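> Please find one structure pasted underneath; my questions will follow.
Protein chains: 2
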Amino acid sequence: MSSLQDVAKSVGVSVATVSRALNDKPGVSDVTRQRVLEAARALRYWPNSTARSLTTSRTRTVLFVTHRHKFPPSKDPFYAQIIRGLEETLALESYNLMLVTLTDEQLAAGPESLPMLQDRRADGLVLAGPDIPPSFVLGVAASDLSVMLVDNALRDTQIPAVLADNEGGCRAATCHLIESHGHRVVGLLRGAEGWATSEERASGYCTAVDAAGLTPRVISVSETTIDSGFEAANQALDAYPEMSAMVTVNDAMAIGAMRAAAARGRRVPADLAVVGFDNISWAKFAEPPLTTVNVPTVEMGRLAARLIVDRFEGVLTVASRTVLAGDLVIRASCGCDKAAETPD
Amino acid sequence: MSSLQDVAKSVGVSVATVSRALNDKPGVSDVTRQRVLEAARALRYWPNSTARSLTTSRTRTVLFVTHRHKFPPSKDPFYAQIIRGLEETLALESYNLMLVTLTDEQLAAGPESLPMLQDRRADGLVLAGPDIPPSFVLGVAASDLSVMLVDNALRDTQIPAVLADNEGGCRAATCHLIESHGHRVVGLLRGAEGWATSEERASGYCTAVDAAGLTPRVISVSETTIDSGFEAANQALDAYPEMSAMVTVNDAMAIGAMRAAAARGRRVPADLAVVGFDNISWAKFAEPPLTTVNVPTVEMGRLAARLIVDRFEGVLTVASRTVLAGDLVIRASCGCDKAAETPD
DNA sequence: AATTTCGCCGTAAGCGGTTACGAAGATATT
DNA sequence: AATATCTTCGTAACCGCTTACGGCGAAATT
Numbered sequence: 527m528s529s530l531q532d533v534a535k536s537v538g539v540s541v542a543t544v545s546r547a548l549n550d551k552p553g554v555s556d557v558t559r560q561r562v563l564e565a566a567r568a569l570r571y572w573p574n575s576t577a578r579s580l581t582t583s584r585t586r587t588v589l590f591v592t593h594r595h596k597f598p599p600s601k602d603p604f605y606a607q608i609i610r611g612l613e614e615t616l617a618l619e620s621y622n623l624m625l626v627t628l629t630d631e632q633l634a635a636g637p638e639s640l641p642m643l644q645d646r647r648a649d650g651l652v653l654a655g656p657d658i659p660p661s662f663v664l665g666v667a668a669s670d671l672s673v674m675l676v677d678n679a680l681r682d683t684q685i686p687a688v689l690a691d692n693e694g695g696c697r698a699a700t701c702h703l704i705e706s707h708g709h710r711v712v713g714l715l716r717g718a719e720g721w722a723t724s725e726e727r728a729s730g731y732c733t734a735v736d737a738a739g740l741t742p743r744v745i746s747v748s749e750t751t752i753d754s755g756f757e758a759a760n761q762a763l764d765a766y767p768e769m770s771a772m773v774t775v776n777d778a779m780a781i782g783a784m785r786a787a788a789a790r791g792r793r794v795p796a797d798l799a800v801v802g803f804d805n806i807s808w809a810k811f812a813e814p815p816l817t818t819v820n821v822p823t824v825e826m827g828r829l830a831a832r833l834i835v836d837r838f839e840g841v842l843t844v845a846s847r848t849v850l851a852g853d854l855v856i857r858a859s860c861g862c863d864k865a866a867e868t869p870d
Numbered sequence: 527m528s529s530l531q532d533v534a535k536s537v538g539v540s541v542a543t544v545s546r547a548l549n550d551k552p553g554v555s556d557v558t559r560q561r562v563l564e565a566a567r568a569l570r571y572w573p574n575s576t577a578r579s580l581t582t583s584r585t586r587t588v589l590f591v592t593h594r595h596k597f598p599p600s601k602d603p604f605y606a607q608i609i610r611g612l613e614e615t616l617a618l619e620s621y622n623l624m625l626v627t628l629t630d631e632q633l634a635a636g637p638e639s640l641p642m643l644q645d646r647r648a649d650g651l652v653l654a655g656p657d658i659p660p661s662f663v664l665g666v667a668a669s670d671l672s673v674m675l676v677d678n679a680l681r682d683t684q685i686p687a688v689l690a691d692n693e694g695g696c697r698a699a700t701c702h703l704i705e706s707h708g709h710r711v712v713g714l715l716r717g718a719e720g721w722a723t724s725e726e727r728a729s730g731y732c733t734a735v736d737a738a739g740l741t742p743r744v745i746s747v748s749e750t751t752i753d754s755g756f757e758a759a760n761q762a763l764d765a766y767p768e769m770s771a772m773v774t775v776n777d778a779m780a781i782g783a784m785r786a787a788a789a790r791g792r793r794v795p796a797d798l799a800v801v802g803f804d805n806i807s808w809a810k811f812a813e814p815p816l817t818t819v820n821v822p823t824v825e826m827g828r829l830a831a832r833l834i835v836d837r838f839e840g841v842l843t844v845a846s847r848t849v850l851a852g853d854l855v856i857r858a859s860c861g862c863d864k865a866a867e868t869p870d
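In order, the protein sequences belong to chains A and B. To get our numbering, take the position in the first sequence, counting from 1, and add 526. To get our numbering, take the position in the second sequence, counting from 1, and add 526.
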């Protein structure tokens, strides 16, 4: 409402003094500092963030950038959870979160053509999701903005990233089926080749299967939906009738697989154990409740915020790639009796 | 990268001329305008939005404010969808979207204590969700920021709002059960008293039941989750064994109700028809697929953006309250054979 | 030909802060 | 007592852009 000028006039000092007093900078006596603080409060003074940004050339805002058609979590609110974590810890440091979703055309055109990335509206940005093409990432990295990748990584670069441990999670899930339940023929329902997430999870599965001396049985489908899970499970059971357990690359496929099993008269988990990945909110309400790998999405957001803010503040200078481990959430679908419950 | 100064120097004119040329303002000859545009492109000039905001005192950003613990769509991404619609149309008008989630304490303390609402960071804000207390809404409305309510309304005020037609949706769902399927004893599973959404939907149910000359059978529970739906359905079936159809106040409760029916050996929809509300993404994958009222969340976001931007631009001067109709999505759980499918 | 009109452009003042620099007065040093 | 040092504060420049105002030459008017 009121400006620095107003406060200065009210107290009878210069704006410089007021600025120093309010920003806890040296060069102000305690008495005047107090008087300034009182006047500021009395006049309901709020620093104009725009003006401040103009001189400091820091906006205290970070951009969250993601693919437009990925954002609306038609499926599970994966990115919404990340945003939740981001916003939460950014707020702690009094940073702002700005949201930008980009179309395919914009992502292909590169950051040079996007005002929101060029006009110093933000100090840095987090690029989320594998849909952000490498060329785009490199483009923004070439600018002087701080970049942070989430659920996306570029090999052989120094761009910091926070990721879920897809490989380890799927390995753990597979190991659980093999070691705790003694399955000898466990299949994998996976998504399209080239999709990094699917690749990594598949890799974890293979590692576990190899380590146990078993042979991998993999069905790839182009999508990772309930319907494609249904279809893939049918393919798998046709091809490998002796299969007693299935690892799936995400929860939607797992649910589809359980439907397929039910349709064939195979009970889950008695006749076929199923584990998913992601721990979407509906996993615990599936029939039977789905054993799955929990992805710490909110924590990923929190960590990304922490890391980028620390970079702004100069606390952190080196780039890092952080892989967050997920934990296996045991429910009924894998054959465990006592389904341990976890909080949301 | 480069400033107006740079462009001016390069062309050999004053910054004022460059500004006029780039902003399509009169007072510049065509030739110089062309030369300026070329130079600006050659020098990769981008107007510094901070500086521009400082002079125009418009930031071209709108704040999306919601309750912190409501945002992370643990349930269905209701607000995420709204954000999707908001961001989409704001981007069309080259506005930005900033995200703020507030804790209970902050909401109770009121807008006076929140920097992001006081320091002119945004031109206006949309307050989403019934968790924003009236005092808070009135507080920001008293400031000179443009306010827009979404999924929240204040009676007897001039504050613009966009809402879902909860009353009409639930009435339509109830009518469908009564008229198309001939149910005579249809119950309602609803949430706590005082929660506006629940009240409105309940009111729609009552209207339909009254109009048909039937007697309402209502079960209230404090939460609206799958578990509480399960419990409420059991209560309902205990109290009214002859009940042949249930309207529920949201999809989660509907799914719980279907589970309860299954547990009691009553088949859905043959022995008990169930309809939900919200059309969450999992509704179509329920067993059986759930008939429910679709809430046009993305459109609500789009409309809110449109309305607030129009207000900024001076196109729109009067406040309005817009109620968006939802449509009944017919699936199997209500007893209809041919389940009409709708796109996501 | 003198005057008015008009289009084009530069000058300069601001928007609301931050900060380098220098001028005092108060205090410490010798 | 004279000098040096420190603290406190004001002056002014600056961040990059917008815009009111005025000047000036060319075209239009008489």
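Idealized CB from N, CA, C, for every residue including glycine. A quick note: this is a predicted structure, and the numbers were derived from the prediction, not measured.
(1) Which first and last residues belong to the alpha helix (DSSP H) in which B:Ala728 is found?
(2) Closest to B:Arg831 by C-alpha separation, out of B:Glu564, B:Ile752, B:Asn574 and B:Val673, would be which residue?
(3) What would DSSP say about B:His707, mapped onto helix, strand or coil?
(4) Taking the beta carbon of A:Asn678 as the centre, do at least 16 other beta carbons fall within 10 Å, making it buried, or is it exposed?
(5) With DSSP collapsed to three states, give me the class of A:Ser528.
(6) Cβ closer than 9 angstroms: which chain A residues qualify as neighbours of B:Asp645?
(7) Using a C-beta to C-beta distance shorter than 9 angstroms, which residues of chain B count as neighbours of A:Ser620?
(8) In whole angstroms, give me the CA-to-CA distance for A:Ser807 and A:Arg570.
(9) From B:Pro869 to B:Arg697, what does the alpha carbon distance come to, in whole angstroms?
(10) Going by beta-carbon coordinates alone, are A:Ala699 and A:Leu798 separated by less than 8 angstroms?
(11) Suppose you measure from the CA of B:Gly694 to the CA of B:Val800; what does that come to, to the nearest Å?
(12) Using three-state DSSP, classify B:Ile685 as helix, strand or coil.
(13) Does the distance from the CB of B:Leu633 to the CB of B:Phe590 come in under 8 angstroms?
(14) What does the alpha-carbon distance come out to for the pair A:Ala865 and A:Thr818?
(15) From A:Gln644 to B:Leu612, what distance separates their C-alpha atoms?
(16) Using a C-beta to C-beta distance shorter than 8 angstroms, which residues of chain A count as neighbours of B:Ala668?
(17) Span of the beta strand (DSSP E) holding B:Asn549?
(18) Output the boundary residues of the beta strand (DSSP E) element that contains B:Asn776.
(19) Can you give me the C-alpha to C-alpha distance between B:Arg578 and B:Thr587, rounded to a whole angstrom?
(20) Along the region 807-825 of chain A, where does the CB come closer than 8 angstroms to a CB of chain B? Name the residues.
(21) Would you call B:Glu867 buried or exposed, if buried means 16 or more other Cβ atoms sit within 10 Å of its Cβ?
(22) Alpha helix (DSSP H) containing B:Gly650: first to last residue?
(23) Which residues does DSSP list as the beta-bridge partners of A:Ala558?
(24) Tell me, to the nearest whole angstrom, how far the beta carbon of A:Asn692 is from that of A:Glu726; I am working on the premise that it is less than 8 angstroms.
(25) Can you tell me whether DSSP reads A:Asn820 as helix, strand or coil?
(26) Report back the beta-carbon spacing between B:Ala728 and B:Arg716 to the nearest angstrom; my notes put them in contact at under 8 angstroms.
(27) From this set, A:Ser583, A:Lys535, A:Leu850 and A:Val562, which residue's C-alpha is nearest A:Phe838's C-alpha?
(28) Cβ closer than 8 angstroms: which chain A residues qualify as neighbours of B:Met624?
(29) Alpha carbons only, please: which of A:Asp804, A:Ala565, A:Val835 and A:Val824 is nearest the one belonging to A:Ile856?
(30) Looking only at DSSP bridge pairs, what is B:Arg716 linked to?
Checking against the coordinates, here is how it stands:
(1) Ala722 to Ala737 is the extent of the alpha helix (DSSP H) around B:Ala728.
(2) The residue asked about is misnamed: residue 831 of chain B is Ala in this sequence, not Arg. The residue with the shortest Cα to Cα distance from B:Ala831 is B:Val673.
(3) DSSP places B:His707 outside both helix and strand once states are collapsed to three, so it counts as coil.
(4) The residue is buried, with at least 16 neighbouring Cβ atoms inside 10 Å.
(5) In the structure shown, A:Ser528 sits in a strand (DSSP, three-state: E or B).
(6) Those are Trp572, Pro573, Asn574, Ser575, Thr576 and Arg578, listed as they occur along chain A.
(7) What A:Ser620 touches in chain B: Pro641 and Met642.
(8) In a straight line, the C-alpha of A:Ser807 is about 44 angstroms away from that of A:Arg570.
(9) A caution first: B:Pro869 carries a pLDDT of 42, below 50, which makes its placement in the model unreliable, though a value can still be read off. Rounded to whole angstroms, B:Pro869 to B:Arg697 spans 23 angstroms at the Cα level.
(10) Taking a C-beta distance under 8 angstroms as the contact criterion, A:Ala699 and A:Leu798 do not qualify as a contact pair.
(11) Distance between B:Gly694 and B:Val800, taken at the CA atoms: about 18 angstroms.
(12) If DSSP states are grouped into helix, strand and coil, B:Ile685 belongs with coil.
(13) Going by C-beta atoms, B:Leu633 is not nearer than 8 angstroms to B:Phe590.
(14) Low confidence applies to A:Ala865: its pLDDT is 49, below 50, so where it sits in the model is not reliable enough to give any reading.
(15) Roughly 22 angstroms between the two C-alpha positions.
(16) Within chain A, no residue comes near B:Ala668; the closest Cβ sits about 12 angstroms away, beyond 8 angstroms.
(17) First-last for B:Asn549: undefined, no H or E at that position.
(18) Segment: none, B:Asn776 is in no beta strand (DSSP E) and carries neither H nor E.
(19) When rounded, the distance between both Cα atoms is 13 angstroms.
(20) Residues Ser807, Trp808, Phe811, Glu813 and Val824.
(21) Interpretation of B:Glu867 is limited by its pLDDT of 48, a score under 50 that renders its predicted location unreliable; the figure taken from the coordinates is listed afterwards. Here B:Glu867 is exposed, its C-beta having fewer than 16 other C-beta atoms within 10 Å.
(22) Counting along the chain, B:Gly650 falls outside any alpha helix (DSSP H), though it belongs to the beta strand (DSSP E) covering Gly650 to Ala654.
(23) In the sequence on display, residue 558 of chain A carries Thr and not Ala. Paired residues: none, contrary to the question.
(24) With 8 angstroms as the limit, A:Asn692 and A:Glu726 qualify as a contact, their Cβ atoms being about 4 angstroms apart.
(25) Strand, per DSSP.
(26) About 5 angstroms; that satisfies the 8 angstroms criterion.
(27) Answer by Cα proximity: A:Ser583.
(28) Neighbours of B:Met624 across chain A, judged by C-beta separation under 8 angstroms: Thr587, Asn622, Leu623, Met624 and Leu625.
(29) Shortest Cα-Cα distance from A:Ile856 to any of A:Asp804, A:Ala565, A:Val835 and A:Val824 involves A:Asp804.
(30) Per DSSP, B:Ser746.
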